[in-house]
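Colleague: Would you mind keeping the following structure in view while I ask a few things?
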Amino acid sequence: MSETATAAAILKQHLIDPEICIRCNTCESICPVQAITHDSRNYVVDAGKCNFCMDCISPCPTGSIDNWRTMPKAQPYTLEEQYSWDDLPVEKTPDQLAAMGVADGGTDTAEDLVPQAELVASTADPTGETPFNSAAYNASIPPWSAAHAYTNLYGPKAADRFVTATVVGN
């Protein structure tokens, strides 16, 4: 691949919203390629390791992991940048992407960009049916409950240390 083609390649980078993430570690534990890691502040996705398998999306209780930003493939957000975030950066405009070396300013459709992993020919259906691409249907807005995490409602740090529950049924 030529230097120009590498600079012009677009990456739809998978990011975790630190404002919504409750740091439950579900995504990191489920990731088959260990692309998700964390420090004392944030959970982050390593763009170089992520294979866009989407295994981390459905287990996330808040939807904070279902965020994507268009970036030049040669200049994704680094782990150090992601560790310092308090909230997600805004999506880059086509003019900003063009200034970063993306030839057309990143005007490709989402279906062309996500996922970046190549479809393996051996997994293609002999009938010609294309595999389902769950990444094309990602959420753009997290669920209401994601922005309103409720923590320490009960337990040693809570105002009410104990809860009485009545279980009815089988």
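Just so you know, we're using this note's numbering here: the sequence shown kicks off at -12 and counts up by one.
We put the CB at the ideal spot given by N, CA and C, even for glycine.
1) Please report how far the alpha carbon of Arg56 lies from the alpha carbon of Leu(-2), in whole angstroms.
2) Within its chain, find whatever has a CB closer than 8 Å to the CB of Leu66; leave out the 5 residues flanking it on each side and keep chain order.
3) Count the other CB atoms, across all protein chains shown, that sit within 10 Å of the CB of Pro113; report buried if there are 16 or more and exposed otherwise.
4) Quick check on Val84: buried or exposed, where buried means 16 or more other Cβ atoms within 10 Å of its Cβ?
5) Kindly identify the DSSP beta-bridge partner or partners of Asn12.
6) Tell me where the alpha helix (DSSP H) around Gln83 begins and ends.
7) Where does Leu100 fall in DSSP's three states?
Modeller: According to the structure shown:
1) Between Arg56 and Leu(-2), the C-alpha separation is close to 8 Å.
2) Excluding residues within five positions, the ones whose Cβ falls inside 8 Å are Thr24, Val31 and Asp33.
3) When all chains shown are included, Pro113 counts as exposed.
4) The sequence given here places Leu at residue 84; Val does not occur at that position. Buried: at least 16 other Cβ atoms inside 10 Å.
5) In DSSP, Asn12 forms no bridge with anything.
6) Annotation for Gln83: the continuous alpha helix (DSSP H) segment containing it runs Pro81 to Ala86.
7) Model confidence at Leu100 stands at a pLDDT of 41, short of 50, so the residue's coordinates are unreliable and nothing is read from them.
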